[in-house]
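Heads up: the structure comes next, in structure tokens.
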Amino acid sequence: MGVEKKRFLNQFEADGLKQVVPEDFPGKVIPGGNGGNFVVTTLDSVINWGRSNSLWPLYFGTSCCAIEMMQTGAPRHDFSRFGFEVARPSARQADLIIIAGTIVNKMGPVLRRLYDQMAEPKYVIAMGACAISGGPFYYNSYSVIKGADHVIPVDVYIPGCPPRPEALLEGMIMLQQKIKTENMSHKVNPIDGFDEGKV
Amino acid sequence: MADQELETKIKTEEYFVNMGPQHPAAHGVLRLLLTIDGEIIKNVEPDLGYIHRSIEKMCERDSYQQIVHLTDRMDYLSSNINNEAVCLAVEKALEIEVSDRVKVIRTIISELTRIASHCLWWGVMGMDLGALTTYFYAFRDREYINDIFEETCGARLTMNYNAPGGLMFDIHPNFVKRTKDFIKHFKTKIPEYDRLVTGNVIFQKRTKGVGVLTKEDAISYGVTGPVARGSGLSSDVRKLHPYSAYDRVDFKEALLTAGDTFARYEVRIMELWESISIIEQLIDNIPEGEIKATTKAVIKLPKGEYYQRVEAARGELGVYINSTGTKNPYRVKFRSPGFSNLSVLNHITKGSKIADLVATMASFDFVIPDIDR
Chain A
83 MGVEKKRFLN QFEADGLKQV VPEDFPGKVI PGGNGGNFVV TTLDSVINWG
133 RSNSLWPLYF GTSCCAIEMM QTGAPRHDFS RFGFEVARPS ARQADLIIIA
183 GTIVNKMGPV LRRLYDQMAE PKYVIAMGAC AISGGPFYYN SYSVIKGADH
233 VIPVDVYIPG CPPRPEALLE GMIMLQQKIK TENMSHKVNP IDGFDEGKV
Chain B
75 MADQELETKI KTEEYFVNMG PQHPAAHGVL RLLLTIDGEI IKNVEPDLGY
125 IHRSIEKMCE RDSYQQIVHL TDRMDYLSSN INNEAVCLAV EKALEIEVSD
175 RVKVIRTIIS ELTRIASHCL WWGVMGMDLG ALTTYFYAFR DREYINDIFE
225 ETCGARLTMN YNAPGGLMFD IHPNFVKRTK DFIKHFKTKI PEYDRLVTGN
275 VIFQKRTKGV GVLTKEDAIS YGVTGPVARG SGLSSDVRKL HPYSAYDRVD
325 FKEALLTAGD TFARYEVRIM ELWESISIIE QLIDNIPEGE IKATTKAVIK
375 LPKGEYYQRV EAARGELGVY INSTGTKNPY RVKFRSPGFS NLSVLNHITK
425 GSKIADLVAT MASFDFVIPD IDR
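Below you can see the structure in the form of structure tokens.
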């Protein structure tokens, strides 16, 4: 990869395609692709296109939101239009956890284990008020974790109790847009520093 | 060599398999500790608490109007029936007589909820047994009911439509027409369900004679709902202790005596027809009347204990309220159908195969937040 990249870059410069910045340009020019070069950014866009359109969710529903999640997969809303239809029962085959429901203290370690079992890259959608903040169980409850982001890092939050299928679809499309901005050269693992509170 | 001789020569040993809490056939986060010998189940021990949300304890800090919205999240598939149970208990304590209009609307919405719940059960049971088509068929029809609910009260699943003393607001002008349209549509769909699944040889082989529950066991384990009725135990609260408008409609209690998984399946299909018949009897003559009886802004129940039982989609739901005369209850206890039904699982699946356990569990139709609360 390294050798190829170098050769290609030399070719790129030899063709006179180097970006010319005027001397008196007031701002700072950030190269395209967040610092990546032509090869990497092109590869990125291809990989991100593939990743974002074939996200495999995990069968993970703890309570009411699971019904709306199933309804989103059902004929009228049909999330397979966006590449989400291959729901996997095993965390090792999934790319995405849709946390559909309340996470209680006893379930917290299980959720974390499922997240750790997933292969990278992995994404998390917090669906519904319970997964965002504890929702209706925020006050006076002794057993509910007040938000799934105390356990694992979350990419997209979808409010509602439960959210409508359209809202879930919107959240899924937002996640796809987020994936499309990723790049390989500056890969960040969301769990790094999560337990220390740095994220 | 005779098979028996071979069997004695193979040495087997019991081992332990963890089913759940994240398992697609567990319908949520139920964890079963299975002790198995080969494929034969020796013991099933449910481990609960993975979705225990302390609803009963939270009720002690809430006012009586606020309790209603928590019950939606208990058995979310029969949300309106749960709401109704709490409201009926509070109304019983306050000795409020709600108008006929409220009674009839509550009954219709509860029966629509029951149809939606049984639809989902039918789709998921097929999925558990390896038929994905049922899921698409059932959810297609369920969406029509969600539309009706949405137009009536704004929510699709957790409705919170009942309030102590009546309903939150009146039905939408389109309600009657849409419900009639749905009934007309759904009447053509149940035979389709039958053609697809009920008569299927593979389905029958996997369900007939599997997970047999006798009537005596059903009584001693406190099993209720379609599971008990599949074993010939008459337990329909709508029939035995009528509430709301069930005393003015004519319907049959679905009863079968086989007690196996297929009988439980058939009972639920029969209940779909009965629910349709109940709605048809009521939908044309919803009486006029007040939508909400006047209650005080802060409801205080007189000192004492109150109990109300209703027939939820999974069985008998009991609401026990202990009041000391303040604006909060002293103790609220829900007798949920799923908890009692789960207790019999070990008894009837011992000695069967793992695949039979999945079929039996599918016919029990567990909702885990209902069990854990």
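In order, the protein sequence lines correspond to chains A and B.
Its first residue numbered 83, the first sequence is counted upward by one per residue in my numbering.
Its first residue numbered 75, the second sequence is counted upward by one per residue in my numbering.
Every residue gets a Cβ at the ideal spot worked out from N, C-alpha and C, and that includes glycine.
The model shown is predicted, which means the values in this text are computed figures rather than measured ones.
Check	Outcome
Can you list, in chain order, the residues of its chain whose CB lies under 6 Å from that of B/PRO361, leaving out five sequence neighbours each side?	ASP174, ARG175
Give me the chain D residues within the contact set of A/GLY143, using Cβ-Cβ distance strictly less than 8 Å, ordered along the chain.	Of the protein chains in this structure, namely A and B, none is chain D.
Hey, quick one: how far does the alpha helix (DSSP H) through A/ALA208 stretch, first residue to last?	No alpha helix (DSSP H) holds A/ALA208; the beta strand (DSSP E) holding it covers 205 to 209.
Would you mind sorting B/HIS126 into buried or exposed? The rule is 16 or more other CB atoms within 10 Å of its CB.	buried
Can the beta-carbon of B/SER410 be found closer than 8 Å to that of B/ASP444?	yes
For A/PHE219, go through chain B and note every residue whose CB falls closer than 9 Å to its CB, in chain order.	ARG127, SER128, ILE129, MET132, LEU144, ARG147
Quick one: which unbroken alpha helix (DSSP H) runs of 4-plus residues sit fully inside the segment 208 to 273 of chain B? Chain order, please.	249 to 267
State yes or no: is the beta carbon of B/THR207 nearer than 8 Å to at least one beta carbon in chain A?	no
Distance cutoff 8 Å, beta carbons only. Does A/TYR224 sit that close to anything in chain B?	yes
Hey, is A/ILE149's beta-carbon within less than 8 Å of any beta-carbon in chain B?	yes
Whole angstroms are fine: how far does the CA of B/TYR317 sit from the CA of B/LEU162?	8 Å
List the residues of chain A whose Cβ lies closer than 9 Å to the Cβ of B/ARG214, in chain order.	ALA156, PRO157, ARG158
Quick check on B/VAL432: does DSSP put it in helix, strand or coil?	helix
Taking A/ARG246 as the query, report the chain B residues whose CB atoms sit under 8 Å from its CB, ordered along the chain.	ARG230
Return yes when the Cβ of B/THR369 is within less than 8 Å of the Cβ of B/GLY239, no when it is not.	yes
Report the partner residues of B/GLU390 according to the DSSP bridge assignment.	B/GLU385
Along the beta strand (DSSP E) that carries B/ASP111, what are the first and last residues, could you check?	105 to 111
Between the Cα of B/ARG230 and those of A/GLU278, A/GLY242, A/ILE273, A/ASP126, spot the shortest distance and give me the residue it belongs to.	A/GLY242
Check whether the Cβ atoms of B/GLU327 and B/LYS313 lie closer than 8 Å to each other.	yes
Taking buried to mean at least 16 other C-beta atoms within 10 Å of its own C-beta, is B/GLY425 buried or exposed?	exposed
Just how far apart, CA to CA, sit B/GLN96 and A/LEU193?	9 Å
Rounded C-beta distance between B/LEU168 and B/LEU375? I'm assuming under 8 Å.	7 Å
So, does the CB of A/GLN153 fall closer than 8 Å to a CB anywhere in chain B?	yes
Kindly give me the distance between the Cβ atoms of B/ILE141 and B/VAL160, rounded to whole angstroms, as I take these residues to be in contact under 8 Å.	6 Å
How would you call B/ASP430, buried or exposed, if buried means at least 16 neighbouring beta carbons within 10 angstroms?	buried
With distances taken from CA atoms, which of B/ASP324, B/THR262, B/ALA99, B/ILE84 is nearest B/ASP111?	B/ILE84
Could you give the DSSP three-state label for A/TYR239: helix, strand or coil?	strand
Can A/PHE166 and A/MET254 be called in contact, C-beta distance under 8 Å?	yes
Counting pairs of beta carbons, one from the segment 301 to 310 of chain B and one from the segment 262 to 270 of chain B, are three or more of them closer than 8 Å?	no
Pull up the DSSP beta-bridge partners for A/PRO139, would you.	A/LEU178
Span of the alpha helix (DSSP H) holding B/MET520?	Only positions 75 to 447 of chain B appear in this structure, which leaves residue 520 of chain B out of reach.
Assuming the contact rule is C-beta atoms closer than 8 Å, B/ILE222 and B/VAL384 should be a hit. Round their C-beta distance to whole Å, please.	With a Cβ gap of about 21 Å, B/ILE222 and B/VAL384 do not count as contacting.
When Cβ atoms are compared, which residues of the segment 173 to 195 of chain A fall closer than 8 Å to chain B?	ALA173, GLY183, THR184, VAL186, LYS188, MET189, VAL192
Quick one: what does DSSP say B/PHE440 is sitting in, helix, strand or coil?	coil
Please classify A/SER136: is it buried, with 16 or more other beta-carbons within 10 angstroms of its beta-carbon, or exposed?	exposed
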